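Novice:
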Amino acid sequence: MGDLTNSDYYAKNQRNDGSSNHEGGFGVSVMELRDLMELRGGEAVVKIQEDYGDMDGLCQRLKTSPTEGLTGDVTDLDKRKEVYGENLIPPKKPKTFLQLVWEALQDVTLIILEVAALISLGLSFYQPPGGDTGESCGTAAAGAEDEGEAEAGWIEGAAILLSVVCVVLVTAFNDWSKEKQFRGLQSRIEQEQKFQVVRAAQVIQLPVADIVVGDIAQIKYGDLLPADGVLIQGNDLKIDESSLTGESDHVKKEADKDPMLLSGTHVMEGSGRMLVTAVGVNSQTGIIFTLLGAGEAGEEEKKEKKVKKQDGAAAMEMQPLKSAEGGEMEEKEKKKANVSKKEKSVLQGKLTKLAVQIGKAGLVMSAITVIILVLYFAVDNFVLQKRPWLTECTPIYVQYFVKFFIIGVTVLVVAVPEGLPLAVTISLAYSVKKMMKDNNLVRHLDACETMGNATAICSDKTGTLTTNRMTAVACYVGDVHYKEIPDPGALTAKSLDILVNAISLNSAYTTKILPATKEGGLPMQVGNKTECGLLGLVLDLKRDYQPIRNQIPEENLYKVYTFNSVRKSMSTVIKLSDGSFRMYSKGASEIVLKKCTKILNKEGEPRVFRPRDKDEMVKKVIEPMACDGLRTICVAYRDFPADPEPLWDNENDILNELTAVCVVGIEDPVRPEVPDAIIRCQRAGITVRMVTGDNINTARAIAIKCGIIHPGEDFLCIDGKEFNRRIRNEKGEVEQELMDKVWPKLRVLARSSPTDKHTLVKGIIDSCLTDQRQVVAVTGDGTNDGPALKKADVGFAMGIAGTDVAKEASDIILTDDNFSSIVKAVMWGRNVYDSISKFLQFQLTVNVVAVIVAFTGACITQDSPLKAVQMLWVNLIMDTFASLALATEPPTEALLMRKPYGRNKPLISSTMTKNILGHGIYQLVIIFSLLFVGEQIFDIDCGRNAPLHSPPSEHYTIIFNTFVLMQLFNEINARKIHGERNVFDGIFKNPIFCSIVFGTFAIQFVIVQFGGKPFSCTPLDLEKWGWCTFLGLGELVWGQVIATIPNSKLRFLRGAGQLTKKNEMPGDEDMNEDNEEIDHAERELRRGQVLWFRGLNRIQTQIDVVNTFKSGSSYQGQLRRQSSTTSQNQDVTNVSSPSHVSLSNALSPTSPASAAAPAGQC
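Just so you know, we're using numbering that gives the first Met the number 0 here: the sequence shown kicks off at 0 and counts up by one.
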């Protein structure tokens, strides 16, 4: 928000305050409405009465109808947008391409290279005075006698600058396209949010941005309010205003007591209708955003006094909420705005640290290179040949030193794998784009990759595993259990009337059944699906619910107790013509039946309903229905006298002594693709658990149909009450030990409250039972699922049935509400991890080889075989192109054939280490052979020890060309990281990979044949190209050789794999949040020390200790905890003689060995 557009936009929307005297013909101005919205509670009611008479008066001034809404006329809507503003807060301007270029130029290594290139450029134009300097300056000037060559000295500096420009442009373009993609994603998320408004007496769904002042919006449980408004009529409405006030208590809203509703707040209970009075920058959220924007813009534009004045004025006008929380709120918003900047996934964190480590090593190598070159030159010239330092020769010496410096920087450039973060970004951005096609709308990037490590999924039942199309298929009315919906004639008129009225009136009026859109299709269900199932029953009984609703419109309902997770029922009170009251109630059958004392008999008359009748009914009616997978709903009613009027707020007395009308069995069929998706999950090592609010028998029946549980297996299927009894101690507190006895076998949790869901997720995440910390994904659609969605590693919200609150709390939105889309998310998550590993394997091979070649070559021949510009080209291939090629591999079904990696798995597996070292050895052997005996093999001039500014040699061109071609073929090898033999498998499914490999080859050909002096290349003939390509192809053959060597033969790799594991305290997330990764330097140090001790002392004892640790699972948790805390403080060097560590000693909490031994092993 921190730019000027906001305040300009704001000012534009503010020109019509009082001075314009109700512009546009409306009877109220923007400022009047804003002043009104800043009031709370009784003050607001008084203000409305004083200024407008009542709500109808305000509606008239805004030219709208409280029941029919706006007409929807386009000119009227445009005029409202012009006068009162649009319902959007202008986004912050994206960074321009030039800004991104400037950011890319800030890279330290590039700055060093630019400086070196400029010095080199400046010195190349310097001609030493006098003509006979050549002799006196000794070897330094050799080769510079040729005039043409001396003049060409500037080319290297210019070429380096040019390649820096290339690198910067590529980086900036990548950032720019990434930014563009995420803006697109953001706008897609915003467009997804629609809201129900009444226009021309029709309820329609509108994108939030199209809402205008004067609209009548229908609000219901779970909505995130899109604009400020005044409540016209509400049923049991409670709002969570914590996002604005910081108060977590739910605020009760009533039209005659506190009717003010604010944008950005959540509806936690109830329903109602509101008149929209402020949108966009004029709403309370908008004012706060604009304040932030205006504040920052004011700082930016201090020079422009006009602007500053206007900002000041805006800030004066824009006092948000007249309460002490104003300032606090601002802080919150600022924090919110900054969150996205910090967002870095676990994988990105690991990679950045790895890049830093490699960079440090590169820095050391490059420093050593420069020092050795300078010393060698100085010793050779001034000590061995005893030459004096001549002032006129200084520029030539300096030119040599600059050349050495450039070689050093080049080593550094190749060593720093800045492509790592880029590869993650490309891979994630690519995955996110593709996941959209698989119905996964990713809100937080890192969720995509976390999903690949998921070990447990806690799924809702309704709508995720089932189709969420409810149909009533059985019922129990008038003492008869009908297995199919009965003929209306079979029921008495009295029972039928009560049943039809109870269902029609005691359900949200927004729930409807509309005719099918296609011929022969099913009728459309709009609104709550369970209520749709009941309304379907009314239609099946040849009656219509709409005339009954028309007789008693929503505003005439006397009192509504809306459904929530505590009540598990909904009740509506109506006033009858004689002044008495009738309350209709419906809800979960076992809950409502407990409150019934009577039941309608065959004649439709109430008879006594005793406890033993209830038990019989549960056994004979409810359980058989539930075992068929039906959801059972009980419909009941109760009559109250007119005088004395009951105390409606005394809920326990009111929702009691009911008369049962019927029990309906509603079927929600399992989605056809779900059983297969669950089998795939189980094969991939992911446990699927069902957490539902339904009856335990219904839940069990559906779980069997889905394949979550199989008869004969050892599993737990319990309800919320039993779950709480098992996991809580006498004081009622949840104990992790008790939880650990329950969750591993738990497959179905029925009749669960949102708290149970949250407790279960937290318990699984915090558990220390397994070696790896469990990674839990959760699906949810209700407002009450928010806490569990937030707590889970990955929260999936339902795009169709999900409430705004659930979507807000989630990481990924399932646009089709389908469980099989979650399996696709797992595939993409694993694919991201594998793509990064492929890139890492390729990148590290190139790094190791290039650094060693440059370092050794420079130290032995005083010149790097690979020149600065060539290195930059190699860097471009490695970083940008390879990350594009390897990070865009599409996922395959094979990814679901293995277990999850787990959070502690080192980034580089033992197979990868084997590949990196194997290919590194091959490339080094080839390059050093070419470097030292290449001239004899190809019968060409030797390129070693060439003087300054000498022309490019064929010898070094062959080395460069072979090096690049080996990388190119190794890129194909890098496609497989699990030791597979067929590296070409599925290569043509990835056109990006193919085009990059061929494109790189083509550019390489151009560089070698036509690159000339800038690239230090000389054209090669066909035979030499053939040899270079042959040596490159050798990579593929060598890859097969490496694949045949079993990892078990290479013991040291296994050690390396283990020792790079992250020491993490399972479950203790809060402690580890800031310090997510162990410091790599510390890890390297520790690895060195552990290996050193192993060499010094008797290995056998160490292995015994480790094996005993591993077998003693009861010690595991204790050890792991110790190793992550103690080993930070205790140094491995404290162990005086690990060969004498006895087991009891190793396990004693004070023994330093307990810190030492597990450092590498646990």
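Glycine included, C-beta positions come from ideal geometry on N, C-alpha and C.
Predicted model only: the values in this text are computed from it and were never measured.
1. Assuming Gly71 is part of the beta strand (DSSP E), what are its boundary residues?
2. So Thr999 is in the alpha helix (DSSP H); what residue range does that whole segment cover?
3. Assuming Thr1017 contacts Ser952 (C-beta within less than 8 Å), just tell me the rounded distance between them.
4. List the residues that DSSP assigns as beta-bridge partners of Ala787.
5. Spatial neighbours of Ser752 within its chain, please: CB distance less than 7 Å, with the 5 preceding and 5 following residues excluded, ordered by chain position.
6. Looking at the strands, I want to know which residues DSSP matches up with Pro206.
7. Rounded to a whole number of angstroms, what is the C-alpha to C-alpha distance between Leu715 and Asp810?
8. Measuring only the C-alpha atoms, how far is Lys601 from Leu495?
9. With DSSP as the reference, label Asp862 as helix, strand or coil.
10. With DSSP collapsed to three states, give me the class of Ala749.
11. Taking the alpha-carbon positions, what's the Leu629 to Phe96 distance?
12. Would you mind working out which of Ile590, Ile995 and Gly603 sits nearest Asp614, comparing C-alpha positions?
13. Could you work out which residue in Ala635, Asp627, Phe639 and Arg637 is closest to Glu666 when comparing CA atoms only?
14. Within this structure, are the beta carbons of Ala366 and Val793 separated by less than 8 Å?
15. Reducing DSSP to helix, strand and coil, say where Val591 ends up.
16. From the DSSP secondary-structure annotation, give me the bridge partner or partners of Asp486.
17. Can you check DSSP and say which residues form a bridge with Tyr583?
18. How should Ile1044 be labelled, buried or exposed, when 16 other C-beta atoms within 10 angstroms of its C-beta is the threshold for buried?
19. Can you look up Met267 in the DSSP assignment and give me helix, strand or coil?
20. Touch check for the region 388 to 408 and the region 815 to 825: three-plus C-beta pairs under 8 Å?
21. Would you call the CB atoms of Leu99 and Ala171 closer than 8 Å?
22. Taking Cβ to Cβ, would you say Thr463 is nearer than 8 Å to Ser863?
23. Have a look at Leu533, Tyr955 and Ser909 and flag the residue whose alpha-carbon is nearest the alpha-carbon of Ile484.
24. With distances taken from CA atoms, which of Ile1006, Gly1031, Phe25 and Pro1013 is nearest Phe968?
25. Please tell me whether Leu813 and Phe838 are closer than 8 Å, where the distance is taken between their beta carbons.
26. Can you tell which of Gln681, Thr860 and Pro522 has its C-alpha closest to the C-alpha of Ala455?
27. If you reduce the DSSP assignment to three classes, tell me which class Thr465 lands in.
28. Taking 8 Å as the cut-off, decide whether the C-beta atoms of Leu1219 and Ser584 are in contact.
29. Given Ile547, which residues of its chain have a CB within under 8 Å of its CB, disregarding the five upstream and five downstream residues?
30. Please report the straight-line C-alpha distance between Ala791 and Val760, rounded to a whole angstrom.
31. With DSSP as the reference, label Gln771 as helix, strand or coil.
32. In three-state DSSP terms, what is Asp379?
33. For Tyr1114, which of helix, strand or coil comes out of DSSP?
34. Comparing alpha-carbon positions, which option in Lys988, Gly1025 and Ile957 lies nearest Phe1166?
35. Excluding the 5 residues flanking Asn846 on each side, which residues of the same chain have their C-beta closer than 7 Å to its C-beta?
36. Name the DSSP bridge partner or partners of Met689?
Specialist: Reading off the structure:
1. By 1-based counting over the sequence shown, the position of residue 71 is 72. Gly71 -> no beta strand (DSSP E), and no H or E assigned at all.
2. Looking up residue 999 in the sequence shown gives position 1000. Pro990 to Phe1009 is the span of the alpha helix (DSSP H), which, as asked, contains Thr999.
3. By 1-based counting over the sequence shown, the position of residue 1017 is 1018. By 1-based counting over the sequence shown, the position of residue 952 is 953. Yes, they are in contact, since the Cβ atoms of Thr1017 and Ser952 sit about 7 Å apart, within 8 Å.
4. Along the sequence shown, read from residue 1 onward, the residue named residue 787 stands at position 788. Paired residue(s): none; Ala787 is not in a bridge.
5. Taking the first residue of the sequence shown as position 1, residue 752 is located at position 753. Here the set comprises Ser564 and Gly719.
6. The sequence position of residue 206 within the sequence shown is 207, counting from 1. Note: Pro206 sits in a beta bridge opposite Lys193.
7. For the purposes of this step, residue 715 is taken as residue 716 along the sequence shown, with counting starting at 1. For the purposes of this step, residue 810 is taken as residue 811 along the sequence shown, with counting starting at 1. About 29 Å.
8. Start at 1 with the first residue of the sequence shown, and residue 601 comes out as number 602. Start at 1 with the first residue of the sequence shown, and residue 495 comes out as number 496. Lys601 and Leu495: Cα-Cα distance of roughly 11 Å.
9. Mapped onto the sequence shown, residue 862 falls at position 863. Note: Asp862 maps to coil in three-state DSSP.
10. Here residue 749 corresponds to residue number 750 of the sequence shown, with the count starting at 1. Three-state result, Ala749: strand.
11. Working through the sequence shown from its first residue, we reach residue 629 at position 630. Working through the sequence shown from its first residue, we reach residue 96 at position 97. Those two C-alpha atoms are separated by around 59 Å.
12. Locating residue 614 in the sequence shown gives position 615, counting from the first residue. Looking at the Cα atoms, Ile590 is the closest of the given residues.
13. Your numbering for residue 666 matches position 667 in the sequence shown. Out of Ala635, Asp627, Phe639 and Arg637, Asp627 has the C-alpha closest to the C-alpha of Glu666.
14. Counting from one through the sequence shown, the residue named residue 366 turns up at place 367. Counting from one through the sequence shown, the residue named residue 793 turns up at place 794. Cβ atoms of Ala366 and Val793: not closer than 8 Å.
15. For this step, residue 591 is matched to residue 592 along the sequence shown. Three-state result, Val591: helix.
16. Here residue 486 refers to the residue found at position 487 when the sequence shown is read from its first residue. None; Asp486 has no bridge partner.
17. Counted from its first residue, the sequence shown places residue 583 at position 584. Looking at the DSSP assignment, Tyr583 forms a beta bridge with Thr571 and Tyr636.
18. Counting from 1 along the sequence shown, the entry for residue 1044 is found at position 1045. Its Cβ having fewer than 16 others within 10 Å, Ile1044 is exposed.
19. One-based indexing of the sequence shown puts residue 267 at position 268. DSSP, read as helix, strand or coil, puts Met267 in strand.
20. no
21. Looking up residue 99 in the sequence shown gives position 100. Looking up residue 171 in the sequence shown gives position 172. The Cβ atoms of Leu99 and Ala171 lie closer than 8 Å to each other.
22. Counted from its first residue, the sequence shown places residue 463 at position 464. Counted from its first residue, the sequence shown places residue 863 at position 864. Not closer than 8 Å, so no.
23. If you number the sequence shown from 1, residue 484 lands on position 485. The candidate whose alpha carbon is nearest that of Ile484 is Leu533.
24. Within the sequence shown, the letter at position 969 stands for residue 968. The shortest Cα separation from Phe968 among Ile1006, Gly1031, Phe25 and Pro1013 belongs to Gly1031.
25. Here residue 813 corresponds to residue number 814 of the sequence shown, with the count starting at 1. Here residue 838 corresponds to residue number 839 of the sequence shown, with the count starting at 1. No, Cβ-Cβ distance for Leu813 and Phe838 is not below 8 Å.
26. The sequence position of residue 455 within the sequence shown is 456, counting from 1. It is Gln681.
27. Indexing the sequence shown from 1 puts residue 465 at position 466. The answer is strand: DSSP assigns Thr465 an E or B state.
28. Outside the modelled stretch of the chain, which goes from 0 to 1161, sits residue 1219, for which no answer is possible.
29. Locating residue 547 in the sequence shown gives position 548, where the first residue counts as 1. Once the five neighbours on either side are set aside, the close Cβ partners of Ile547 are Val499, Asn500, Ser503 and Leu504.
30. Indexing the sequence shown from 1 puts residue 791 at position 792. Indexing the sequence shown from 1 puts residue 760 at position 761. Their Cα atoms are separated by approximately 6 Å.
31. Along the sequence shown, read from residue 1 onward, the residue named residue 771 stands at position 772. Coil.
32. The sequence position of residue 379 within the sequence shown is 380, counting from 1. In the three-state reduction of the DSSP assignment, Asp379 falls in the helix class, which pools H, G and I.
33. As a first step, residue 1114 must be located in the sequence shown, where it is residue number 1115. Only weak support exists for where Tyr1114 lies, its pLDDT of 37 falling under 50; the value from the coordinates is given anyway. Under the three-state reduction of DSSP output, Tyr1114 falls in the helix class.
34. Residue 1166 is absent from the model: the chain starts at 0 and stops at 1161.
35. Position 847 of the sequence shown, counted from the first residue, corresponds to residue 846. Cβ neighbours of Asn846 beyond the five flanking positions: Ile357, Val413, Ala414 and Pro416.
36. To locate residue 689, count along the sequence shown from 1; it is residue 690. Note: Met689 sits in a beta bridge opposite Ser458 and Val747.
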